[in-house]
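The opening position of the sequence shown corresponds to residue 177 in the working numbering, with each subsequent residue numbered one higher.
Each residue gets a CB set at the ideal place from its N, CA and C atoms; glycine is no exception.
Note that this is a predicted model, so its numbers are computed, not measured.
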Amino acid sequence: MSITRDRLGLALLGVLIGLVLIDVPWLGVDAWAFVAPDAATGGLLGPLVRAADGQWDLGIVRAPALLAGVLVAVLALVLPARQPLRRILLVLATAGVVLSLLVPATLLQVGLREGTSPWFHTNDAAYQVELAGSRIIHGDNPYGFDYTGTGLERFYSLDGTPVLDGRVETVALQHLAYFPGLPLIGAVSAALPGPLGDVRILMLLFALALVPAALLLPGPLELRLGVGALLAANPLLLRSTWFGILDAPVVLALVLAFALALRGRWGWTGALVALALVEKQYAFVAIPFLAVAAWQAGGRDALVRAGAWLIGVTAVVTLPFLLWGPRAFIDDTLVYGTSAYRIVGYGLSGILVDLHVVTRDGAYPFVIVALVIWLPLTIIALRRQWLAPAAWRAALGFALSFLLLAWIARYFQTSGFVYPLAGLLVAAAIALAPTLTKDTA
177 MSITRDRLGL
187 ALLGVLIGLV
197 LIDVPWLGVD
207 AWAFVAPDAA
217 TGGLLGPLVR
227 AADGQWDLGI
237 VRAPALLAGV
247 LVAVLALVLP
257 ARQPLRRILL
267 VLATAGVVLS
277 LLVPATLLQV
287 GLREGTSPWF
297 HTNDAAYQVE
307 LAGSRIIHGD
317 NPYGFDYTGT
327 GLERFYSLDG
337 TPVLDGRVET
347 VALQHLAYFP
357 GLPLIGAVSA
367 ALPGPLGDVR
377 ILMLLFALAL
387 VPAALLLPGP
397 LELRLGVGAL
407 LAANPLLLRS
417 TWFGILDAPV
427 VLALVLAFAL
437 ALRGRWGWTG
447 ALVALALVEK
457 QYAFVAIPFL
467 AVAAWQAGGR
477 DALVRAGAWL
487 IGVTAVVTLP
497 FLLWGPRAFI
507 DDTLVYGTSA
517 YRIVGYGLSG
527 ILVDLHVVTR
537 DGAYPFVIVA
547 LVIWLPLTII
557 ALRRQWLAPA
567 AWRAALGFAL
577 SFLLLAWIAR
587 YFQTSGFVYP
597 LAGLLVAAAI
607 ALAPTLTKDT
617 A
C-alpha cells in the first residue's frame with residue numbers, strides 16, 4: 177500500500193506533537209540550584225526576565241511549547257491537501273515547535289545571568305569556554321592557565337562566594353580540558369555585546385541549524401522535517417542548549433558530514449568531521465565509517481580528498497595552540513582531559529567500581545578494554561558496511577560504535593547519548609528515503 181502525502185504530513189505533525197509531549201514535562205528540570213538574588217529586569221532580555229519575576233520559572237519556559245503543540249494538533253485536523261500551502265504550513269509547524277522548545281528556556285537562562293552575575297544561571301563548562309575565548313581575544317594562551325580569580329571559582333559554591341578551600345572539587349580551575357574548537361567558539365561569543373556574549377546563544381543557533389541541515393538528507397520533505405525536529409529538539413540536545421553543555425556544534429558538523437557524503441562532497445565531509453573533532457574528540461568514531469563510504473563511492477581519490485581536508489583543518493585549528501604552549505596544551509587536553517576525571521560511567525566502568533575491581537578515583541584500563549571489546553566489534557561493523565554497501569550503514573555504524581564506546585568509557589555524561597541518537601536518526605532517514613520517495617511519487 178502506498179504512503180500518501182496526506183499520511184506523511186499527518187505523521188510529521190504526530191512527531192511534532194510527540195516531541196512536545198515528551199519534552200515539556202522535563203523542560204527546565206535539574207537547573208543548577210543557585211542561591212542567587214532576583215535578576216534585574218533591564219537590558220535586551222528584560223521583558224522576559226520580568227515575566228518570570230526574576231527567577232527560573234518553568235511556566236514561562238514550558239507554556240510556549242505546549243501552545244505550539246496544541247496549534248499543531250489543530251493543524252492536523254484542518255491540514256489542506258493543496259500544494260504549496262500544505263508544504264508551507266508543515267515547515268511553519270516544524271519551525272514553531274522547535275523554536276518554542278529551544279528558545280524560551282535558553283533566553284531566560286541568559287537573561288537571568290545578565291541580571292545577576294556571570295557565575296549564576298550558567299554551567300561551568302560554558303563559563304570556562306567563554307573565559308578561554310576572552311583570553312584568546314586578548315592574545316593570551318587559554319591552556320596552562322589558572323582560572324582562579326576569573327569568577328569561575330565563584331560558580332562552584334552556587335551562592336557566588338569564592339571556593340578556594342577544597343569544599344568541592346574545582347580541578348577545572350587549573351585546566352582547560354576542551355580541544356581548541358570550543359575555546360574558539362568561546363572567542364566568538366566573547367566578542368559579542370551584552371547577553372549575546374553568552375555562549376549558549378551560539379549553542380542555540382547551532383541547534384536550530386540542525387533543521388535546515390536535515391533538509392540536505394534525501395527523501396520527501398515531511399521525512400526530512402521530522403528528522404530535523406528530532407535532531408534539534410530531542411530531550412538530550414534540548415537540555416544541553418539551555419543548560420550550557422556544548423554538544424550542538426559537534427552534532428551539527430557530524431550531521432552535515434554524513435549529508436554531504438551522500439552527495440559526494442568528500443572535501444567538505446572531511447572538513448566537517450575535523451571541525452567536530454577539534455571541538456570534542458568523540459567525533460573520531462565517525463572517521464572509519466565515512467572512510468569506508470568514501471572508498472566505496474569514489475575510490476582512492478575520494479578517500480584521499482576527505483583525509484586531506486580532515487588532516488588539514490585539524491592541523492590549522494590545533495597546531496597554533498600546540499605551538500603556543502606544547503606542554504600546557506598536552507597537559508590540559510590529553511593528560512588531564514582523558515585521565516583526571518573520577519570514574520563516572522553507566523556501563524563497564526561503573527560495574528567494575530561496584531565489584532571493587534577498580535576504585536572511583538583510581539586507574540581504569542580503558543586502552544586495554546577498548547582493544548578487547550570496542551575495536552573488534554567496530555571492525556565487525558565496518559566489515560558489514562564493506563560487504564553490504566548501503567548509504568545508511570555509515571551513520572548506523574557510527575551510532576552503534578559510539579554507544580559501545582560510551583559503555584566502556586571511564587567518564588561519560590548522559591548528554592553524550594545525543595551522538596548515537598543523531599547517528600540513528602540520520603541512518604533511518606537515509607534508509608527510509610528511497611521507499612517513501614517511491615511510494616509518494
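Mapping the DSSP letters down to three states, classify LEU601 as helix, strand or coil.
helix
By the three-class DSSP mapping on this structure, what secondary structure does TYR323 have?
coil
Report the residue ranges of all beta strand (DSSP E) runs contained in full by the region 247 to 275; include only those spanning at least 3 residues, in chain order.
none
What three-state label does DSSP hand TYR587 in the structure shown?
strand
At which residue ranges does the region 364 to 395 contain complete beta strand (DSSP E) runs of 3 or more residues, listed in the order of the chain?
none
Classification of MET177 by the beta-carbon crowding that lies within 10 angstroms, buried from 16 upward:
In this prediction, MET177 has a pLDDT of 40, which is less than 50 and means its spatial position is unreliable; what the coordinates show is noted afterwards. Burial call: exposed.
Please classify ALA257 as buried or exposed, where buried requires at least 16 neighbouring CB atoms within 10 angstroms.
exposed
I'd like to know if the region 290 to 300 and the region 323 to 337 are in contact, where contact means that at least 3 CB-CB pairs between them fall below 8 Å.
yes
Tell me the residue span of the alpha helix (DSSP H) that contains PRO464.
462 to 500
Within 7 Å: the Cβ of ALA301 and any heavy atom of the ligand MG?
Of ligands this structure carries none, so the ligand MG is not represented either.
Tell me whether VAL339 sits in a helix, a strand or coil according to DSSP, three-state version.
coil
By Cβ distance below 6 Å, which residues in the same chain neighbour ARG569 in space, the five residues on each side in sequence not counted?
GLN561
Could you tell me if PRO318 is buried or exposed, where buried requires 16 or more neighbouring beta carbons within 10 angstroms of its beta carbon?
buried
Does DSSP classify VAL534 as helix, strand or coil?
coil
Boundaries of the alpha helix (DSSP H) in which SER416 is found, first to last residue
411 to 419
Inspect the CB distances between the region 522 to 531 and the region 563 to 577 and report whether three or more fall short of 8 Å.
no
Beta-bridge pairing of VAL520 - partner residues as DSSP gives them:
TYR587
Using 8 Å as the Cβ pair cut-off and three pairs as the minimum, do the region 214 to 232 and the region 240 to 248 touch?
no
For the region 570 to 589 against the region 383 to 402, are there 3 or more C-beta pairs whose distance is under 8 Å?
no
GLN231 by DSSP, collapsed to three states: which one?
coil
Give the secondary structure of TYR332 by DSSP, where H, G and I count as helix, E and B as strand, and everything else as coil.
coil
Specify the secondary structure class of GLU398 as computed by DSSP and reduced to three states.
helix
Reducing DSSP to helix, strand and coil, say where LEU436 ends up.
helix
Rounded to the nearest angstrom, what separates PRO610 and GLY320 at their Cα positions?
51 Å
With 16 other Cβ atoms within 10 Å as the buried cut-off, status of PRO552:
exposed
Whole-angstrom distance between VAL492 and ARG289, CA atom to CA atom:
34 Å
When DSSP labels each residue in this structure, what does GLU290 get in the three-state scheme?
helix
Sequence-distant residues of its chain with Cβ nearer than 6 Å to GLY443 (five each side left out)
ARG481, TRP485
Grab me the residues of VAL426's own chain with a C-beta within less than 8 Å of its C-beta, minus the 5 sequence neighbours each way, in chain order.
ALA452, GLU455, LYS456, TYR458, ALA459, TYR595
From this set, VAL548, HIS314, LEU340, LEU380, which residue's C-alpha is nearest LEU360's C-alpha?
HIS314
Count the other C-beta atoms from every protein chain shown that fall within 10 angstroms of the C-beta of GLY592, then say buried if there are 16 or more, exposed otherwise.
buried
Which one of GLY370, TRP418, ALA469, ALA301 has the shortest CA to CA distance from GLY222?
GLY370
Inspect the beta-carbon positions of LEU432 and LEU448 and report whether they are closer than 8 Å.
yes
Return the residue from the list LEU268, TRP471, GLY538, ASP537 that minimises the CA-CA distance to LEU563.
TRP471
Among LEU188, ILE555, ALA546, LEU384, the one whose alpha carbon lies nearest that of ALA252:
LEU188
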